[in-house]
Amino acid sequence: MADKRKLPIDIQYKQLLEALVDRRIVPNKWLEQHKQIRDAIATLYPELPLASEKLTKFRTKNPSHEDLSYFDCKYIYECLTQSDEGASKNFFGQYTSPVLKRWGALIRQYEKNNVFAAETARIIAQNTAFEIPFLKKSIQQNEKQVADNNRKMADLNKSIAEYKRKLETSCADMGIVELCDASDEVMEISTTLDFEAEAAEISWDISLEKSATTEGGDIDWGIETVASTQLTAESADTPVEIDWDITTSDVVEAVDDSNSAEASNIQVTAADESINTVSATRVDLLDDNDFRTRVLNDLLELRAFLRQRFEELSASDSVAFANQFQGSSPLLEQQSIDKIEEFQTAVDQAVSLLTHKRLQQLVLIKTSERYLDRHVASLEMLTKHMDKSSREIRVLEDKNIDLIDATSNVQPQINMLVGKTKSLKKELENVLPALFKGYKVNIVGEVNSL
Numbered sequence: 049m050a051d052k053r054k055l056p057i058d059i060q061y062k063q064l065l066e067a068l069v070d071r072r073i074v075p076n077k078w079l080e081q082h083k084q085i086r087d088a089i090a091t092l093y094p095e096l097p098l099a100s101e102k103l104t105k106f107r108t109k110n111p112s113h114e115d116l117s118y119f120d121c122k123y124i125y126e127c128l129t130q131s132d133e134g135a136s137k138n139f140f141g142q143y144t145s146p147v148l149k150r151w152g153a154l155i156r157q158y159e160k161n162n163v164f165a166a167e168t169a170r171i172i173a174q175n176t177a178f179e180i181p182f183l184k185k186s187i188q189q190n191e192k193q194v195a196d197n198n199r200k201m202a203d204l205n206k207s208i209a210e211y212k213r214k215l216e217t218s219c220a221d222m223g224i225v226e227l228c229d230a231s232d233e234v235m236e237i238s239t240t241l242d243f244e245a246e247a248a249e250i251s252w253d254i255s256l257e258k259s260a261t262t263e264g265g266d267i268d269w270g271i272e273t274v275a276s277t278q279l280t281a282e283s284a285d286t287p288v289e290i291d292w293d294i295t296t297s298d299v300v301e302a303v304d305d306s307n308s309a310e311a312s313n314i315q316v317t318a319a320d321e322s323i324n325t326v327s328a329t330r331v332d333l334l335d336d337n338d339f340r341t342r343v344l345n346d347l348l349e350l351r352a353f354l355r356q357r358f359e360e361l362s363a364s365d366s367v368a369f370a371n372q373f374q375g376s377s378p379l380l381e382q383q384s385i386d387k388i389e390e391f392q393t394a395v396d397q398a399v400s401l402l403t404h405k406r407l408q409q410l411v412l413i414k415t416s417e418r419y420l421d422r423h424v425a426s427l428e429m430l431t432k433h434m435d436k437s438s439r440e441i442r443v444l445e446d447k448n449i450d451l452i453d454a455t456s457n458v459q460p461q462i463n464m465l466v467g468k469t470k471s472l473k474k475e476l477e478n479v480l481p482a483l484f485k486g487y488k489v490n491i492v493g494e495v496n497s498l
């Protein structure tokens, strides 16, 4: 019989309170007595004197009375007995301090009907089954949400990069980035194209000696032949006059020498205004589709002429072809192969710019408000998507910061509850043999794997 009593009793932590009630170690209505005890603790704990350093540390660690247990109250009572409060006793060896008397009465009320055992069993079960798993699950949820937010931020960064690529592509297609470069190219070749402008004004009435008919297969350049005797030395030496469509007034006023500087400034200003007006007029002409078509046709015709001229000058009988332009304008007579190549390059650049998609887009942007509004709306939509994604990333970053802070605050709570639960389990296992008629009681279950 004695050997059987040495066998320990294993009780699940969830069934410990039920076992105490079933064995009538704790009464069924123990909660009524427990409520009175908790009310007394709520009154005594705020008035607890900090009579020793241990009490000061304990009060700092446990600011609220709601977390106190029976074993905490015993610890407070022991600290009070070791302080100045327990220095005075009466003739019967009882403490005369009213604080010690009240805390002593509280502990006796705890031990009456073994209410402390029921309270401790309930705390162990509640912490093991609910509080600690809930906090651990909250940490897992926070970590999962942080990972999801990081994934969302990565997707948003990819979206921003894609929107940026589309924006750059749209701007590149419209020539927004290289618009200044294109205007610079036009200005560079404008000087070279002055030759074509002058050539277009020349009357191509070139006479050919002993050539009244053209051979089949030759290109008809619209050049009429006349007798060479009609050309005089004077006309050969005199350059062909170009009609610049500029009229001059017959009235000439004398200018005083004293006002020469002012007159010069007026002429320069007038010239600048004239240049600006001509430039604006040329830009406006690009809006006209018929004008662009005529210019393109002229450029293509000029390019064909220059290619033919280049082949003529490059041929072995170039002297015969060169003699063909004797007596004509020096503009034609004095051109070399290098100069013709330069003209060809300029014309090719002009044709390329005139037929480029960029010019068509610029014309549509200038002439069609609907086309412009549609492109502006598409670009604004891309920028809005980028801004929205950036704002969402900032929101997710703030959420991650809050979640990480919450996780860092929850982990100490878990550690505290785990330590407190293990301590209560150990303390309760030490006092349960006295309640179970000397049998050693082991509390088993998840409480041992916290």
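Read left to right, the sequence shown gives residues 49 to 498 (my numbering). Just so it is clear, CB atoms sit at the ideal spot from N, CA and C, and this is done for glycine as well.
Excluding five sequence neighbours on each side, which residues of the same chain lie with their C-beta closer than 7 Å to the C-beta of residue i?
i    : result
L92  : R150, W151, L154
K500 : Because the chain here runs from 49 to 498, residue 500 falls outside it and cannot be looked at.
L407 : L401
I388 : L354, R357, F358, L361
V458 : L183, S186, I187
Once you ignore the five residues that flank residue i on each side, which residues in its own chain have a CB closer than 8 Å to its CB?
i    : result
A165 : L68, I73, V74, L476, V479, L480, L483
L427 : L215, S218, C219
P94  : H113
R107 : L96, L98
T403 : L344
L506 : In this structure the chain extends from 49 to 498, so residue 506 is not present and cannot be described.
N490 : P56, I57, D58, I59, E477
N76  : V69
Here's a check: name, in chain order, each residue in its chain whose Cβ is nearer than 6 Å to the Cβ of residue i, leaving out the five neighbours to either side.
i    : result
Q130 : none
M222 : Q409
K488 : P56, P481
Exposed or buried, residue i, counting other C-beta atoms within 10 Å across all chains shown (16 or more means buried)?
i    : result
H82  : buried
E167 : buried
V492 : exposed
D266 : Note that D266 scores a pLDDT of 43, beneath 50, so its modelled location is shaky and nothing firm can be said.
E133 : buried
I171 : buried
L444 : buried
Q385 : Looking at the sequence provided, one finds Ile at residue 385 rather than Gln. Exposed, since its Cβ has fewer than 16 Cβ neighbours within 10 Å.
S145 : buried
L79  : exposed
L333 : exposed
A202 : exposed
A363 : exposed
S308 : Because S308 sits at a pLDDT of 46, beneath the cut-off of 50, its placement in the model cannot be relied upon, and the following sentence gives the value as read from the coordinates. Classification for S308: exposed.
I180 : buried
Nearest-angstrom Cα distance between residue i and residue j?
i    : j    : result
A173 : K62  : 5 Å
E178 : V495 : The sequence as given places Phe at residue 178; Glu does not occur at that position. Each residue's alpha carbon lies about 12 Å from the other.
L451 : D58  : 41 Å
Q189 : E210 : 31 Å
K474 : D120 : 14 Å
K109 : A169 : 23 Å
E360 : L354 : 10 Å
E390 : I413 : 33 Å
S400 : R213 : 27 Å
D336 : K432 : 35 Å
T176 : V466 : 8 Å
V411 : D435 : 31 Å
E417 : R340 : 21 Å
V194 : A135 : 57 Å
K122 : I89  : 12 Å
Q392 : D338 : 24 Å
Y158 : N198 : 52 Å
A394 : D346 : 14 Å
H423 : D196 : 36 Å
K200 : A425 : 27 Å
K105 : K447 : 36 Å
Y118 : D87  : 14 Å
D70  : D453 : 45 Å
R439 : K206 : 14 Å
E101 : K468 : 21 Å
So residue i and residue j are in contact, right, with Cβ under 8 Å, and what is the actual spacing, rounded?
i    : j    : result
L116 : V147 : Contact flag wrong, Cβ pair sits at about 16 Å.
I208 : S437 : 5 Å
L430 : L215 : 5 Å
I449 : L204 : Incorrect: roughly 17 Å between the Cβ atoms, too far for contact.
D396 : R351 : 7 Å
E191 : T455 : 7 Å
Does any residue of chain C have a CB that is nearer than 8 Å to the CB of residue i?
i    : result
A177 : The structure shown contains no chain C, having only a single protein chain.
The ligand MG heavy atoms versus the CB of residue i: any closer than 7 Å?
i    : result
G152 : In the structure shown, the ligand MG is absent, as is every other ligand, since no ligand is present at all.
* At a cut of 8 Å, does the stretch 137-145 reach the stretch 157-177 through at least three beta carbon pairs? -> No: the two stretches stay apart, fewer than three of their Cβ pairs being nearer than 8 Å.
* Asked: Taking three-plus beta-carbon pairs below 8 Å as touching, is the stretch 184-199 in contact with the stretch 450-468?
  -> Three or more Cβ pairs drawn from the stretch 184-199 and the stretch 450-468 lie within less than 8 Å of each other, which places the two stretches in contact.
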